[in-house]
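Undergrad:
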Amino acid sequence: MLHFKSISSRLIFYVTLSVLAMFSVVVGILLLVQTLLAIGMFTMATSWYVDAMATTVEKQLAEVQTTILSSDIKVMNSLGTEKKLTAVFEDILYNNNIYACGIALKPDSVRGRYLLYATRDEHGGITVTQRPADYCYESLDYFRETERRMTAYWSDPYLDGTQSVATFSHPLIGHNGEFVGVLCADVQLDSIANFINTAPGTSNSTSVNRAINMLWNASPGMKFILSRSGYFVTPPDSTVSLHDTYETYALRHSCPEFCRIGKSMVSREGNLSSFMEDIEIEGREYHVSFSYINKVGWTVVAFYPTEFFYGFLTGFGIAILVLLMIGVMLLVLIIYMIVRRAIKPLEKLVTATKSISQGNFDMDLPKAKHRDEVQTLRDSFDDMRVSLKDYVEQLKKTTAHNERMEQDLNIASQIQVSMLPKEFPKPPETSEVSLFAYMKPAREVGGDLYDYFIRRGHLHFVVGDVSGKGVPAAMIMAVTTSMFRALQRRDIAPDRTVRALNNMLLERNSVEMFVTLVVGDMDLATGELSICNAGHNPPVIIQDGKGQILKLKKNIPIGVFQNYHYQADNFTMTPGSRLLLYSDGVTEATNGADALFGEDRLLAATQKYSRKNVEAQINSMVNDINAFTGDTPQSDDITLMLMEYHGSHDILSREMQFSNDMKEVTRATQMIEEVCQMLNTDMALSSSLQLALEEAMVNIISYAYENGRANIDNYFKISSDGKTITFELSDSGKPFDPTKAETPDITLGIEERGVGGLGILLVKNIMDSVTYKRVNSRNILIMRKNI
Amino acid sequence: MTTQIIKNEDRTTIVLNGRLDTPSTPDVEAAVQPIMEDASVKQLSIDCTDLTYISSSGLRIFITLQKHFIKTGGQLTLCHLTAPVQAVFDMTGFSSIFNIE
Chain A
179 MLHFKSISSR
189 LIFYVTLSVL
199 AMFSVVVGIL
209 LLVQTLLAIG
219 MFTMATSWYV
229 DAMATTVEKQ
239 LAEVQTTILS
249 SDIKVMNSLG
259 TEKKLTAVFE
269 DILYNNNIYA
279 CGIALKPDSV
289 RGRYLLYATR
299 DEHGGITVTQ
309 RPADYCYESL
319 DYFRETERRM
329 TAYWSDPYLD
339 GTQSVATFSH
349 PLIGHNGEFV
359 GVLCADVQLD
369 SIANFINTAP
379 GTSNSTSVNR
389 AINMLWNASP
399 GMKFILSRSG
409 YFVTPPDSTV
419 SLHDTYETYA
429 LRHSCPEFCR
439 IGKSMVSREG
449 NLSSFMEDIE
459 IEGREYHVSF
469 SYINKVGWTV
479 VAFYPTEFFY
489 GFLTGFGIAI
499 LVLLMIGVML
509 LVLIIYMIVR
519 RAIKPLEKLV
529 TATKSISQGN
539 FDMDLPKAKH
549 RDEVQTLRDS
559 FDDMRVSLKD
569 YVEQLKKTTA
579 HNERMEQDLN
589 IASQIQVSML
599 PKEFPKPPET
609 SEVSLFAYMK
619 PAREVGGDLY
629 DYFIRRGHLH
639 FVVGDVSGKG
649 VPAAMIMAVT
659 TSMFRALQRR
669 DIAPDRTVRA
679 LNNMLLERNS
689 VEMFVTLVVG
699 DMDLATGELS
709 ICNAGHNPPV
719 IIQDGKGQIL
729 KLKKNIPIGV
739 FQNYHYQADN
749 FTMTPGSRLL
759 LYSDGVTEAT
769 NGADALFGED
779 RLLAATQKYS
789 RKNVEAQINS
799 MVNDINAFTG
809 DTPQSDDITL
819 MLMEYHGSHD
829 ILSREMQFSN
839 DMKEVTRATQ
849 MIEEVCQMLN
859 TDMALSSSLQ
869 LALEEAMVNI
879 ISYAYENGRA
889 NIDNYFKISS
899 DGKTITFELS
909 DSGKPFDPTK
919 AETPDITLGI
929 EERGVGGLGI
939 LLVKNIMDSV
949 TYKRVNSRNI
959 LIMRKNI
Chain B
16 MTTQIIKNED
26 RTTIVLNGRL
36 DTPSTPDVEA
46 AVQPIMEDAS
56 VKQLSIDCTD
66 LTYISSSGLR
76 IFITLQKHFI
86 KTGGQLTLCH
96 LTAPVQAVFD
106 MTGFSSIFNI
116 E
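Taken in order, these protein sequences are the chains called A and B. So the number in my numbering is just where the residue sits in the first sequence, counting from 1, plus 178. So the number in my numbering is just where the residue sits in the second sequence, counting from 1, plus 15.
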């Protein structure tokens, strides 16, 4: 299949092809007809030509005959008188066609042997000669043959001296019908040959003959006359002598066809049309025409070479083809120009629409000159351009708006993630409890919440679920989490916390969303747990590898009734027991068959992985939930929180809150002194422990708060399991890790020594381990000393 | 914490009694300030027999005094350091800076 890049080339191709095909057929037919006509005309013309020649020659010969026959009487009357005969001869020779004439008398006739003849010399003069009496002519062919025939006849051509001639012999008949002698006239064959070879006579100078002459002269063929015996009266070429017949000629030129034609013509036999066809002699093709001269039994033959004629035809064909080509080329040019003209506005339109497609909607489309299809197309495009412009404008606005929303949502998601604690307590930093939590929102932001913190030996935790999903739920989640933290700083019991949360939420919640939650407070020293469930899924307790739903007092979710009296449950966690809190996204996780994960599977998973640490157990449970749901999209937020109480090994524990006042140092060192007395440690240890604590505490009091801003949110806890003494200092000041601070070079001399950094040097020297962490915006420094 | 200054003809003695911790440092600092202002004091002894505790802020007073006497060509001697105080001096490398008897 042809592939065109433009309408114009396709149009030009097909139109040219069609025109070429039609032209070819027409020209072919034309050429055929023309060729047939031309061949007919050619054949006819050559026949005419030959006929004309034959007629002319015959006329000449007829004149000769007439001259001789009419002289018969005069000759008979003049016999015996040479003078009279000469006068008759001069009359005969008056006929220009006759070259010589003479009489030969039968020897036994009146005059005896007598031969007189006259010839014309080159100057037109006439010479009369009498042959001597002994010249024996009666045995010659012309005499004997004439006597035998007793009628006039033309001899075959023969050479008379240098002249080739043919003789017309006429018998002279006496009064009694006896043969008297022969009157004969010679005709010079050269003049006939000349005539034949030049033109068919001036009298027949028609336009056809002129054309034939032109043809003939441009490419001469062969013209000759054959005698009735097959001799050449006039030769076709210079190689032919008077002794040659058509047979010898055919032999010499190895052309049996020539022989066949010659024979047919000479004998007047055979189908004349049989050699109307072309014959080939020595590689050249000829068209044969012939005509009879009946008086003498001669045949005028013309061989016209066809090559010239066909060459002429070919030339004509080529000329027509060239004309055709030029015509087609002109046609292509004209079509091209027409198509260009028609397509030009279309191309302009294409350029303009390309520009539009690249977003240039302000581009003006070119006006078409005529109200045609292009103009309609242009108008349609223009409508489209305007619509597109509006549409893209709208789309840009919407996209920008959506992008902003998405960005906001991403930021919200990040904020939400950052609100959740990511570091979880575990031994050795927190020896009493391990805790791990997991949350996966169903959308960018979720309505589930969890939080925990450890403060003054208590673990505070919450797991909740805001009704609804998405941004509104996320905002309520953020509010609830913040309120939870703020409330728990006041060291109030979970039931009171929930009550306060309920009232605060109702005060500020205009959209009437409610929250289910579980708030708990565990004393790490004893494992005593106070827990309040506000409409949330009941926690699972795992003891000795067995999980069971914890039956708690039922309360309504928060954010429903003002001043609702929430009630808490109290029980004690035994060391090694675990508590699992979760949101309904876990039990209501759905698989492809619309089955729920449910409490049974949750309990099973809880028991199955209870030997793992809390983080590994949560991860395994999450894997189980994911395996259950498969490809089903998560419909609700999933939250899990698991804690294990390891029990307290402390035999002694004291805690104090302190403000950023130096006097607090004395209180703290006294507490250490008391503890050391209770533990029965020596004085030196007590003294150095006091020193270490004083240095660490002075650091906080002096530097933690900018501009000495008063702050009471600092704690010191001392505990001991009998083998070690542990200090825990906690402050809410600016982040500072004393373990990373530079200590001074103690080998320097007095001049170079400053007093900075000595405190930390002393702490590190005295204590066996010093660790720092920043948890929930608090600096927590834990120092241990082996007793 | 008490600070007692005993001036003899050729030697001045500061007797420190109690715990020289951070809260008590400002008082001690104030008490020893006249000594640095008194050019006649060339020989100073600090009697630490009853100094049971010292913290880094307390050490600062000792450093200030030592730098003062090096500057004025006087001499500071510490005597009778209790074990806890000696330990602090050792830990901080101050044992080699001070003249301890």
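No residue lacks a Cβ here, since even glycine has one placed at the ideal position from N, Cα and C.
Looking only at its chain, what residues have a beta carbon closer than 7 Å to the beta carbon of H83(B), apart from the 5 residues adjacent to it on each side?
TA: M51
Undergrad: Measuring only the C-alpha atoms, how far is I928(A) from H95(B)?
TA: 21 Å
Undergrad: So what does A363(A) bridge to, in DSSP terms?
TA: Answer by DSSP bridge pairing, in chain order: C279(A), F346(A).
Undergrad: According to the neighbour-count rule (16 or more other Cβ atoms, all chains shown, within 10 Å of its Cβ), is S467(A) buried or exposed?
TA: buried
Undergrad: Y292(A) and G399(A) - do their beta-carbons sit closer together than 8 Å?
TA: no
Undergrad: Beta-carbon separation of A363(A) and T245(A) under 8 Å?
TA: Judged by their CB atoms, A363(A) and T245(A) are nearer to each other than the 8 Å cut-off.
Undergrad: Taking F373(A) as the reference, which of F487(A), L509(A), V235(A) has the closest Cα?
TA: V235(A)
Undergrad: Please tell me whether T17(B) has its Cβ less than 8 Å away from any Cβ of chain A.
TA: no
Undergrad: Just the C-alpha distance for P413(A) and D338(A), rounded to the nearest angstrom, thanks.
TA: 16 Å
Undergrad: Taking any Cβ of chain B, which residues in the segment 858-879 of chain A have a Cβ under 8 Å from it, in chain order?
TA: Here the close residues are M861, A862, S865, S866, Q868, L869, E872, E873, V876.
Undergrad: Nearest to V410(A) by alpha carbon, out of E551(A), S342(A), I734(A)?
TA: As written in the sequence, residue 410(A) is Phe, which differs from the Val given in the question. The shortest Cα separation from F410(A) among E551(A), S342(A), I734(A) belongs to S342(A).
Undergrad: Which of helix, strand or coil does DSSP assign to L758(A)?
TA: Strand, per DSSP.
Undergrad: Would I944(A) pass as a contact of K901(A) if the rule is Cβ separation under 8 Å?
TA: no
Undergrad: Have a look at I938(A), K724(A), K237(A) and flag the residue whose alpha-carbon is nearest the alpha-carbon of M961(A).
TA: I938(A)
Undergrad: Nearest to G713(A) by CA position, among N889(A), A767(A), V941(A), F739(A), is which residue?
TA: F739(A)
Undergrad: Quick one: Cα of E842(A) to Cα of A919(A), how far?
TA: One C-alpha to the other measures close to 24 Å.
Undergrad: Provide the residue(s) that pair with V640(A) in DSSP beta bridges, ordered along the chain.
TA: Looking at the DSSP assignment, V640(A) forms a beta bridge with D629(A), V697(A).
Undergrad: Using alpha carbons as the reference points, say which of N892(A), V640(A), L404(A) lies closest to Y616(A).
TA: V640(A)
Undergrad: Below 8 Å on the Cβ atoms is my guess for V360(A) versus G352(A); work out the distance and round it to an integer in Å.
TA: Contact between V360(A) and G352(A) is absent: CB atoms are separated by about 13 Å, not below the 8 Å threshold.
Undergrad: Near V306(A), what residues of its chain come up, given a Cβ to Cβ distance below 7 Å and the 5 sequence neighbours on each side ignored?
TA: Same-chain partners within the cutoff: T264, F267, L294, A296.
Undergrad: Could you pull out every residue in the same chain whose Cβ sits closer than 8 Å to the Cβ of A330(A), ignoring the five residues on either side in sequence?
TA: Q243, I246, L247, T324, F346, S347, H348, P349
Undergrad: What residues in the segment 930-948 of chain A have a beta carbon less than 7 Å from any beta carbon of chain B?
TA: For the segment 930-948 of chain A, which is checked against every Cβ of chain B, the residues closer than 7 Å are R931, V933, L936, G937, L939, L940, N943.
Undergrad: Under 8 Å Cβ-Cβ, which residues of chain B neighbour T844(A)?
TA: D36, P38
Undergrad: Taking C-beta pairs closer than 9 Å, name the residues in chain B that T847(A) reaches, listed in chain order.
TA: R34, D36, Y68
Undergrad: List the DSSP bridge partners of S947(A).
TA: R962(A)
Undergrad: Tell me, please, which residues DSSP counts as bridged to E268(A).
TA: Looking at the DSSP assignment, E268(A) forms no beta bridge with any residue, so it has no partner.
Undergrad: Which value, in whole angstroms, describes the spacing of the CA atoms of R462(A) and S419(A)?
TA: 22 Å
Undergrad: Restricting to runs no shorter than 4 residues, where is the alpha helix (DSSP H) found entirely within the segment 814-885 of chain A?
TA: Within the segment 814-885 of chain A, the complete alpha helix (DSSP H) segments of 4 residues or longer fall at 841-857, 861-881, listed in chain order.
Undergrad: Taking only the alpha-carbon atoms, compute the straight-line gap between D560(A) and Q536(A) and give it to the nearest angstrom.
TA: 15 Å
Undergrad: Take every Cβ of the segment 570-578 of chain A, pair it with every Cβ of the segment 623-642 of chain A, and state whether three or more of those distances are shorter than 8 Å.
TA: no
Undergrad: With DSSP as the reference, identify every bridge partner of G725(A), one or two as the case may be.
TA: Beta-bridge analysis with DSSP links G725(A) to I720(A).
Undergrad: Identify, in the order they occur along the chain, each residue of the same chain with its Cβ nearer than 6 Å to the Cβ of S533(A), setting aside the five sequence neighbours on each side.
TA: M541
Undergrad: Would V47(B) pass as an interface residue toward chain A - the criterion being a Cβ-Cβ separation below 8 Å?
TA: no
Undergrad: If we count Cβ pairs, one from each stretch, closer than 8 Å, do we get three or more for the segment 584-598 of chain A versus the segment 646-665 of chain A?
TA: yes
Undergrad: Since T245(A) is in the alpha helix (DSSP H), which residue starts that stretch and which ends it?
TA: Where T245(A) is concerned, the enclosing alpha helix (DSSP H) stretches over 185-256.
Undergrad: Once DSSP output is grouped into helix, strand and coil, what is the label at S533(A)?
TA: helix
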